[in-house]
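Protein chains in written order, with the numbering used here: chain A, 94 to 335; chain B, 94 to 335; chain C, 94 to 335.
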């Protein structure tokens with residue numbers, strides 16, 4: 094699974110890096126080629142001087158970066174993406190347009206390396222748990238090589254002694270929701286609009302899962318539900334004769 | 094319930110207010126402390142001169158405010174949030190990053206006090222009802238102390254003689270949809286991706302609802318559906334023996 | 094159906110065009126009336142000089158347009174909307190606030206005339222299919238007169254020899270997802286949060302569909318499911334006696 098996700102990165106990086114720099118206004122400045130290792134910050138981006146920016150970082154137009162943000166080497170922020178609060182990004186993370194990472198709350202959001210945060214996704218924001226008290230520390234830790242797609246929301250923990258955790262190599266498709274204090278392992282795929290309430294645990298995806306009898310039986314049952322005599326997973330073949 | 098929502102506000106306000114002002118570009122200006130009562134408008138925000146801005150308002154970078162907007166005292170607009178059309182916000186409302194309130198349509202969007210509009214939420218925009226005729230007045234009225242989370246959409250009415258109405262103290266979680274002409278009372282909690290079609294009425298949440306026999310029975314039935322012999326709310330214990 | 098969608102456009106165009114130009118900052122410039130045929134580009138918009146902009150186009154504040162974009166006559170981009178990659182828009186398309194069209198990938202996104210892309214919608218971006226290899230060409234073709242609402246995602250094809258296709262006159266409501274290689278015909282209405290996985294085909298909506306016996310029977314069955322003795326589509330009247 095590691096390799097499945099890895100091949101997506103290199104090309105994406107070089108393509109995007111170029112196009113971010115190409116975005117120019119005829120009024121203010123012209124295209125300038127980025128040198129290896131130097132970082133590019135578009136003149137319309139708003140980067141607090143206390144933010145720590147690695148080498149080879151591209152910050153596109155209309156982005157904002159707050160004072161407690163740290164961006165690892167080679168990170169890319171597409172236009173109109175934002176980083177708030179105590180937020181650390183490992184190297185080679187990509188924020189697509191409209192992505193928001195972090196929130197101005199005590200605690201932190203820590204994102205590993207090679208993660209893609211999709212268009213308009215919000216990652217590391219305040220949870221929805223009414224037990225959370227503003228002022229309390231709250232945490233989100235994300236591993237490496239995750240692809241988080243558009244409109245996904247991932248919330249920080251509801252308590253200072255807990256944390257929301259995402260492992261490595263997960264593909265979290267569009268409009269998923271991962272609530273406070275969830276623990277997501279590695280190598281999982283969440284289909285669109287998968288919604289996890291608070292404290293849900295999803296362990297590591299096992300390639301051999303298909304051989305577990307209970308899983309086989311469940312899958313067969315779903316397949317059967319679409320056969321001729323039945324109209325969905327809620328109907329049983331015996332039903333019409335009951 | 095009032096008190097549950099209320100405690101969230103004060104701290105949030107002071108935290109955000111500070112951080113909006115801290116966002117500065119090294120090129121254009123330096124950090125400046127906001128004085129009590131004065132409003133702060135980031136130099137990259139685009140505020141129409143006819144807009145009415147109360148005291149102690151913070152408008153973050155890259156926001157836009159149209160000519161017919163009115164913002165009450167202490168409102169805060171996070172980066173890249175927008176107000177369009179005939180839109181009135183009461184005091185101490187907060188628009189998170191990417192939030193959009195109002196639309197350039199006849200009619201109005203009126204939002205009360207102490208409301209939080211979440212990241213990328215769209216509130217007070219044109220409805221989806223094909224009976225709505227562009228040019229007709231349409232309306233949305235929202236009360237006080239509501240928290241509307243990320244990716245939620247709330248539409249204006251489909252007719253000039255109707256309106257979409259949200260009461261007070263509701264928590265509307267992420268990705269909910271409240272369509273044209275809905276009437277939502279007070280103290281309700283909508284879980285993620287709750288979708289209300291047009292003209293749906295949700296009355297006031299009653300703390301004693303749990304004691305209504307029909308509700309108890311429904312909840313018990315859902316709980317039972319997860320017991321050993323059954324696989325979901327669609328299966329009955331008797332099923333396997335039918 | 095053609096006529097149903099058509100009446101929405103003209104008024105919308107004139108209203109929006111005006112309001113985009115009215116958005117002005119007290120610092121940089123004042124209101125200026127747009128002359129017939131000339132295009133308006135807000136000084137804070139970032140438009141690559143190689144982009145091809147038709148006549149009578151309005152580009153609002155804080156928008157970005159990449160070097161390979163082509164905008165037909167009369168297109169309107171609301172604040173904070175974006176066009177990336179090899180993307181062509183026919184005449185009189187409207188991008189609402191936060192809308193993103195196209196992606197920096199080989200291949201193209203072609204959008205016909207008179208389409209509305211809703212708030213924060215993402216149209217023509219990379220698919221989620223793990224078989225897609227970055228660097229491969231991928232395609233999205235959209236016809237005319239479609240209304241695509243907020244938070245909808247439409248992905249490009251997963252292979253260079255396939256394409257995602259949307260026809261004409263469709264109303265795609267909020268938070269829908271149309272995945273890679275889907276083929277959507279004409280005159281369809283997708284309700285909120287309709288999710289289509291890859292390669293799904295939805296043919297033309299036929300006004301006479303209601304007279305097809307299988308459809309009638311399905312609709313009647315759903316209606317029946319809400320009658321007194323039953324609690325939903327999963328329960329059968331005979332159930333309690335089984």
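Where a beta carbon is used, it is the ideal one built from N, C-alpha and C, also for glycine.
1) Sort out for me which residues DSSP pairs residue 295(C) with in a bridge.
2) Return the Cβ separation of residue 297(B) and residue 279(B) in integer angstroms, given the expectation that the two are a contact with Cβ distance under 8 Å.
3) Report buried or exposed for residue 277(B), applying the criterion of at least 16 other Cβ atoms within 10 angstroms of its Cβ.
4) Compute the Euclidean distance between the alpha carbons of residue 289(C) and residue 167(B), then round it to the nearest angstrom.
5) Check whether the Cβ atoms of residue 159(A) and residue 178(A) lie closer than 8 Å to each other.
6) What does the Cβ neighbour count give for residue 226(A), buried or exposed, with the cut at 16 atoms within 10 Å?
7) Listed from N- to C-terminal order along the chain, which residues in the segment 149-175 of chain A have their beta-carbon within a distance smaller than 7 Å of any beta-carbon of chain C?
8) Any idea what DSSP makes of residue 169(B), helix, strand or coil?
9) Whole angstroms are fine: how far does the CA of residue 274(B) sit from the CA of residue 231(B)?
10) Taking a Cβ distance cut-off of 8 Å, strictly less, list which residues of the segment 206-222 of chain A are near chain C, in chain order.
11) Determine the DSSP secondary structure at residue 162(A), reduced to helix, strand or coil.
12) Report the neighbours of residue 245(A) on chain C: residues whose CB is nearer than 7 Å to its CB, in chain order.
13) Figure out for me which residue from 163(A), 152(A), 207(A) has the closest Cα to the Cα of residue 239(A).
14) Consider the Cβ of residue 262(A): report whether some Cβ of chain C lies at a distance smaller than 8 Å.
15) Within its chain, find whatever has a CB closer than 6 Å to the CB of residue 187(B); leave out the 5 residues flanking it on each side and keep chain order.
16) Ordered along the chain, which non-local residues of its own chain (more than five positions away) have a Cβ less than 8 Å from that of residue 349(A)?
17) Taking the DSSP output, what are the residues bridged to residue 151(B)?
18) Against chain A, does residue 286(B) count as a neighbour if the rule is that its beta carbon must be under 8 Å from one of theirs?
19) What are the residues in the segment 266-284 of chain B lying within 9 Å of chain A by C-beta distance?
20) Any beta carbon from chain F within less than 8 Å of residue 147(C)'s own beta carbon?
21) Where does residue 156(A) sit, in a helix, a strand or coil, going by DSSP?
22) For residue 235(B), return the contacting residues in chain C, with the cut-off set at a CB-CB distance below 7 Å.
23) Compare the Cα-Cα distances from residue 220(A) to each of 181(A), 157(A), 255(A), 243(A) and report the closest residue.
24) In this structure, does DSSP put residue 321(C) in helix, strand or coil?
25) Looking only at its chain, what residues have a beta carbon closer than 6 Å to the beta carbon of residue 271(A), apart from the 5 residues adjacent to it on each side?
26) Name the two residues that bound the continuous beta strand (DSSP E) containing residue 220(A).
27) Quick one: grab the DSSP three-state call for residue 206(C).
28) In this structure, does DSSP put residue 186(A) in helix, strand or coil?
29) Output the distance between the C-alpha atoms of residue 245(B) and residue 253(C), rounded to the nearest integer angstrom.
30) In its own chain, which residues sit with a C-beta less than 6 Å from the C-beta of residue 265(A), not counting the 5 before and 5 after it?
31) Within the 8 Å Cβ cut-off, does residue 193(B) reach chain C?
32) Can you pull the DSSP bridge partners for residue 197(A)?
33) Does residue 310(C) come out as helix, strand or coil in the three-state DSSP assignment?
34) Using a 10 Å radius around the Cβ and a threshold of 16 neighbouring Cβ atoms, would you call residue 216(A) buried or exposed?
35) I'd like to know whether the C-beta atoms of residue 139(C) and residue 154(A) end up nearer to each other than 8 Å.
36) What separation, rounded to the nearest whole angstrom, lies between the Cα atoms of residue 194(B) and residue 171(C)?
To lay it out plainly:
1) Translated into positions along the third chain, residue 295(C) becomes position 202. According to DSSP, which records beta bridges pairwise, residue 295(C) is partnered with 277(C).
2) Counting from 1 along the second chain, the entry for residue 297(B) is found at position 204. Counting from 1 along the second chain, the entry for residue 279(B) is found at position 186. Right, the Cβ-Cβ distance comes to about 5 Å (below 8 Å), so this counts as a contact.
3) Here residue 277(B) refers to the residue found at position 184 of the second chain. The residue in question, residue 277(B), is buried, as its Cβ has 16 or more Cβ neighbours within 10 Å.
4) As a working mapping, residue 289(C) is identified with position 196 in the third chain. As a working mapping, residue 167(B) is identified with position 74 in the second chain. Looking at the two C-alpha atoms, the distance is approximately 43 Å.
5) In the first chain, counting from the first residue as 1, residue 159(A) sits at position 66. In the first chain, counting from the first residue as 1, residue 178(A) sits at position 85. Contact flag set, yes.
6) As a first step, residue 226(A) is located in the first chain; it is residue number 133 there, counting from the start. Exposed, by the Cβ-count rule.
7) 154, 155, 172, 173
8) Position 76 of the second chain, counted from the first residue, corresponds to residue 169(B). If DSSP states are grouped into helix, strand and coil, residue 169(B) belongs with the strands.
9) Translated into the one-based positions of the second chain, residue 231(B) becomes position 138. Translated into the one-based positions of the second chain, residue 274(B) becomes position 181. Cα to Cα, the separation comes out at about 9 Å.
10) 212, 213
11) The count along the first chain starts at 1 and reaches residue 162(A) at position 69. Here residue 162(A) sits in strand by DSSP.
12) Against the first chain, residue 245(A) aligns to sequence position 152. The contacting residues do not exist; residue 245(A) stays about 11 Å from chain C at best.
13) Along the first chain, one-based indexing puts residue 239(A) at 146. Here the closest residue by C-alpha is 207(A).
14) The residue labelled residue 262(A) in the question sits at position 169 within the first chain. Taking Cβ atoms only, chain C never reaches closer than 8 Å to residue 262(A), which makes this a no.
15) Translated into positions along the second chain, residue 187(B) becomes position 94. Around residue 187(B): 169, 209.
16) Within the shown structure, residues of chain A are numbered from 94 to 335, placing residue 349(A) beyond reach of any answer.
17) By 1-based counting over the second chain, the position of residue 151(B) is 58. According to DSSP, which records beta bridges pairwise, residue 151(B) is partnered with 133(B), 169(B).
18) Your numbering for residue 286(B) matches position 193 in the second chain. Yes, residue 286(B) counts as interfacial toward chain A.
19) 266, 267, 268, 282, 284
20) Absent from the structure is chain F; the protein chains it does hold are A, B and C.
21) Translated into positions along the first chain, residue 156(A) becomes position 63. If DSSP states are grouped into helix, strand and coil, residue 156(A) belongs with coil.
22) Your numbering for residue 235(B) matches position 142 in the second chain. Under the 7 Å cutoff, chain C gives no residues; its nearest Cβ is about 17 Å from residue 235(B).
23) What you label residue 220(A) is simply residue 127 of the first chain in a count that begins at 1. Closest by alpha carbon: 255(A).
24) The sequence position of residue 321(C) within the third chain is 228, counting from 1. Legend: pLDDT at residue 321(C) = 48, less than 50; position of this residue unreliable, value from coordinates given subsequently. Three-state result, residue 321(C): coil.
25) Position 178 of the first chain holds residue 271(A). Excluding residues within five positions, the ones whose Cβ falls inside 6 Å are 247, 289.
26) Your numbering for residue 220(A) matches position 127 in the first chain. Unbroken run through residue 220(A): none, as it is neither H nor E.
27) Within the third chain, the letter at position 113 stands for residue 206(C). It is coil, neither helix nor strand.
28) In the first chain, residue 186(A) corresponds to position 93, counting from 1. Reduced to three states, the DSSP call for residue 186(A) is coil.
29) Locating residue 245(B) in the second chain gives position 152, counting from the first residue. Locating residue 253(C) in the third chain gives position 160, counting from the first residue. Cα to Cα, residue 245(B) sits roughly 35 Å from residue 253(C).
30) Counting from 1 along the first chain, the entry for residue 265(A) is found at position 172. 241, 245, 283.
31) What you label residue 193(B) is simply residue 100 of the second chain in a count that begins at 1. Yes, because at least one Cβ of chain C sits closer than 8 Å to the Cβ of residue 193(B).
32) Stepping through the first chain from its first residue, residue 197(A) is reached at position 104. The partner list for residue 197(A) (beta bridge, DSSP) is empty, contrary to what the question assumes.
33) The sequence position of residue 310(C) within the third chain is 217, counting from 1. In this structure, residue 310(C) counts as helix in the three-state DSSP scheme.
34) In the first chain, residue 216(A) corresponds to position 123, counting from 1. Buried, since its Cβ has 16 or more Cβ neighbours within 10 Å.
35) As a working note, residue 139(C) is residue 46 in the third chain. As a working note, residue 154(A) is residue 61 in the first chain. Going by C-beta atoms, residue 139(C) is nearer than 8 Å to residue 154(A).
36) What you label residue 194(B) is simply residue 101 of the second chain in a count that begins at 1. What you label residue 171(C) is simply residue 78 of the third chain in a count that begins at 1. Near 14 Å, if we compare the C-alpha coordinates of residue 171(C) and residue 194(B).
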